[in-house]
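Engineer: Numbering (our numbering), first residue to last: 630 to 939.
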């Protein structure tokens, strides 16, 4: 399979008071393949959004290597990079300019990259994108405040698709939406991914939705990927204690189910501090990264060495 992103020893640290730093992403290595849906899951503060924003160059990396189609991302111009990689944001209202019409919002990328020959072609592309995401032509002249949350997210998707990217990074695209709308947006993304052969990086909290859309699932904890595999393997045969804890916390829609009966809590010994110093920056721990626990199922090497996969 063709590699889209090749990420080696990626670190993203944020400065704190004094010489301390917050290790938001701490020594992550990962390959992302063409046409797959890779989901990143984890609780708030696990580093999944920072990881997404770093590989799409919204944040500058602190250390490590990121390659897109075999070429370091630093060697791409910003214009060339954004032509290949686009992002869909968590809050559809905050991500849309309230002073611009929907048509102009969608066409902004096309304007920058000059993807049309005349105004007529520009307008037709706007209409085509609106219809692609389930909206109508009449919506082109309206403003973002005139739409519901689900409709705004569809506008955000249309804007991201306007430049025909090869990769979409979806940063919790359904978490701000009503439950009744979430499935519609996920089905739309899944449909577009297949039709356009997109590579999707899907960042989410909702484990049940992730299982539905993903080809592979990566579990993040305190800035590191601790487990990686197919949805069935990760959900049905979790190995890392953090993955087990996450899955046990998923609510079951049964009033007779005892919420606390099967809840798995992590021992404090696993709760490593995300705070460190810049001196740690170039330290590559010998037991960092993932090890193949079984075919196509990878688990944090440190955890396997210390616990034997139990």
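For glycine and all other residues, C-beta sits at the position ideal for the given N, C-alpha and C.
#1: In whole angstroms, give me the CA-to-CA distance for residue 630 and residue 667.
#2: Determine, using beta-carbon pairs with one atom in the stretch 830-849 and one in the stretch 670-686, whether at least three such pairs fall under 8 angstroms.
#3: What number of angstroms, rounded off, separates the C-alpha of residue 903 from the C-alpha of residue 850?
#4: On a Cα-Cα basis, can you pick out the residue from 862, 739 and 760 that is closest to residue 817?
#5: Could you tell me which whole beta strand (DSSP E) segments of length 3 or greater appear in the stretch 756-821?
#6: Cβ atoms of residue 773 and residue 783: under 7 angstroms apart, would you say?
#7: Check whether the stretch 686-698 and the stretch 855-869 are in contact - that is, three or more C-beta pairs closer than 8 angstroms.
#8: Going by DSSP in three states, residue 843 sits in which element: helix, strand or coil?
#9: Compare the C-beta of residue 724 against all C-beta atoms of chain D and say whether one is closer than 7 angstroms.
#10: May I ask you to report which of helix, strand or coil DSSP gives residue 616?
#11: Shortest alpha-carbon distance to residue 825 belongs to which of 729, 796 and 721?
#12: With contact counted as at least three CB pairs below 8 angstroms, one residue from each stretch, are the stretch 920-928 and the stretch 855-863 in contact?
#13: Unbroken beta strand (DSSP E) runs of length 3 or more, entirely within the stretch 685-760: which are they?
#14: From residue 644 to residue 854, what does the alpha carbon distance come to, in whole angstroms?
#15: Sort 731, 647, 827 and 704 by Cα distance to residue 907 and report the nearest one.
#16: Who does residue 925 pair with in a DSSP beta bridge?
#17: Can you name, in chain order, every residue of its own chain whose Cβ lies under 8 angstroms from the Cβ of residue 702, other than the five neighbours on each side?
#18: When you compare each of 664, 718 and 740 to residue 633 by their alpha carbons, which one comes out closest?
#19: Could you please give the first and the last residue of the uninterrupted alpha helix (DSSP H) stretch that includes residue 644?
Structural biologist: Reading it off the structure:
#1: Here residue 630 refers to the residue found at position 1 of the chain shown. Here residue 667 refers to the residue found at position 38 of the chain shown. Approximately 14 angstroms between the Cα atoms of the pair.
#2: yes
#3: Numbered from 1 along the chain shown, position 274 holds the residue referred to as residue 903. Numbered from 1 along the chain shown, position 221 holds the residue referred to as residue 850. Approximately 10 angstroms, taken between the alpha carbons.
#4: Taking the first residue of the chain shown as position 1, residue 817 is located at position 188. For residue 817, the nearest C-alpha among the options comes from 760.
#5: The qualifying runs are 796-800.
#6: Numbered from 1 along the chain shown, position 154 holds the residue referred to as residue 783. Numbered from 1 along the chain shown, position 144 holds the residue referred to as residue 773. It is not a contact, given that the beta carbons lie outside the stated cut-off.
#7: no
#8: Within the chain shown, numbered from 1, the residue matching residue 843 stands at position 214. Correct three-state label for residue 843: coil.
#9: The structure shown has no chain D; it contains just one protein chain.
#10: As displayed, the chain neither begins before 630 nor continues past 939, which places residue 616 out of reach and without an answer.
#11: Looking up residue 825 in the chain shown gives position 196. The residue with the shortest Cα to Cα distance from residue 825 is 796.
#12: yes
#13: Complete beta strand (DSSP E) runs here, min 3: 692-697 and 714-717.
#14: As a position in the chain shown, residue 644 is number 15, starting the count at 1. As a position in the chain shown, residue 854 is number 225, starting the count at 1. Put simply, the backbone Cα of residue 644 is about 22 angstroms away from that of residue 854.
#15: In the chain shown, residue 907 corresponds to position 278, counting from 1. Comparing Cα positions, the closest option is 647.
#16: The residue given as residue 925 occupies position 296 in the chain shown. Partner(s): none; residue 925 has no beta bridge.
#17: If you number the chain shown from 1, residue 702 lands on position 73. 684, 686, 695, 696 and 710, listed in sequence order.
#18: Counted from its first residue, the chain shown places residue 633 at position 4. Comparing Cα-Cα distances from residue 633 to each of 664, 718 and 740, the minimum goes to 664.
#19: Taking the chain shown and counting its residues from 1, one reaches residue 644 at position 15. Where residue 644 is concerned, there is no enclosing alpha helix (DSSP H), although the beta strand (DSSP E) it sits in stretches over 632-644.
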